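>
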Amino acid sequence: MTLHAASVPVFLHYLERLDALVALAEQHEAGHPSDASLLHAALAEGMFAFAQQVQIAAGFAVRACCPLLEIEPPQLAGGDGSWQQLHERIGAVRTFLIAIDAERMNASAQRELSTVAGRASPSFNGADFVLRYALPNFFFHLAMAYAILRKEGLPVGKQDFDGYHAYPAGFTFL
């Protein structure tokens, strides 16, 4: 499997799922106007809020590909973290990913590159960068966005996260 095939279609699919989670949260908030905004909800003090988790997840899809393409990341939709901006950011990232030259990306599978991870500066070959660093970070922030919605009482489930599972209404594992 090529580097492009192992990453870009995965990002595209799960960005669709992320956009669907944003839409569910937006719809929930519209129906509960007295509640505090889900955009600012976090799992715990000191953690990023829902809007930031969405922005970071989308950003990691770009951060995964730009070093392999040897290009600077594009400017993404504004940073106000509104519902509209989150949808626009996800759409812009999807457009960017669709336009990637697969051969150019695949050619970087063994090229060494460095990144910044918090206060660390790890180095990887291109394949390890995507598979061991970028994809896990993307999924971490996607999972945090999902978990925030669960914590806030939205009826989201595995089917909302991955788009593959299906369960009847009211289903529970317990």
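Take numbering that gives the first Met the number 0: the last position of the sequence shown gets the number 173, and nothing is skipped along the way. We treat Cβ as the ideally placed atom computed from N, Cα and C, and that holds for glycine. Predicted model only: the values in this text are computed from it and were never measured.
What does the alpha-carbon distance come out to for the pair residue 8 and residue 98?
Approximately 12 angstroms between the Cα atoms of the pair.
> Apply the 10 Å Cβ neighbour rule to residue 49 and answer buried if 16 or more other Cβ atoms are within range, or exposed otherwise.
It is buried - the Cβ of residue 49 has at least 16 other Cβ atoms within 10 Å.
> Is it buried or exposed, residue 73, if we count other Cβ atoms within 10 angstroms and call 16 or more buried?
Exposed.
> Using a Cβ-Cβ distance cut-off of 9 angstroms, determine whether residue 172 contacts chain D.
Protein chains in the displayed structure number just one, and chain D is not present.
> Going by the beta-carbon positions, is the gap between residue 57 and residue 2 smaller than 9 angstroms?
Cβ distance not < 9 angstroms, so residue 57 and residue 2 don't count as in contact.
> Which ranges would you report for the alpha helix (DSSP H) in the segment 58–134 if only whole runs of at least 4 residues count?
Counting only runs of 4 or more, we get 82–97, 101–105.
> Taking its Cβ as the centre, do 16 or more other Cβ atoms sit within 10 Å of residue 143, making it buried, or is it exposed?
Per the 10 Å Cβ criterion, buried.
> In whole angstroms, give me the CA-to-CA distance for residue 27 and residue 169.
Going from the Cα of residue 27 to the Cα of residue 169 covers about 18 angstroms.
> Just the C-alpha distance for residue 149 and residue 155, rounded to the nearest angstrom, thanks.
Cα-Cα distance, rounded: 6 angstroms.
> Is the CB-CB distance between residue 67 and residue 122 below 9 angstroms?
Result no, Cβ atoms of residue 67 and residue 122 do not sit closer than 9 angstroms.
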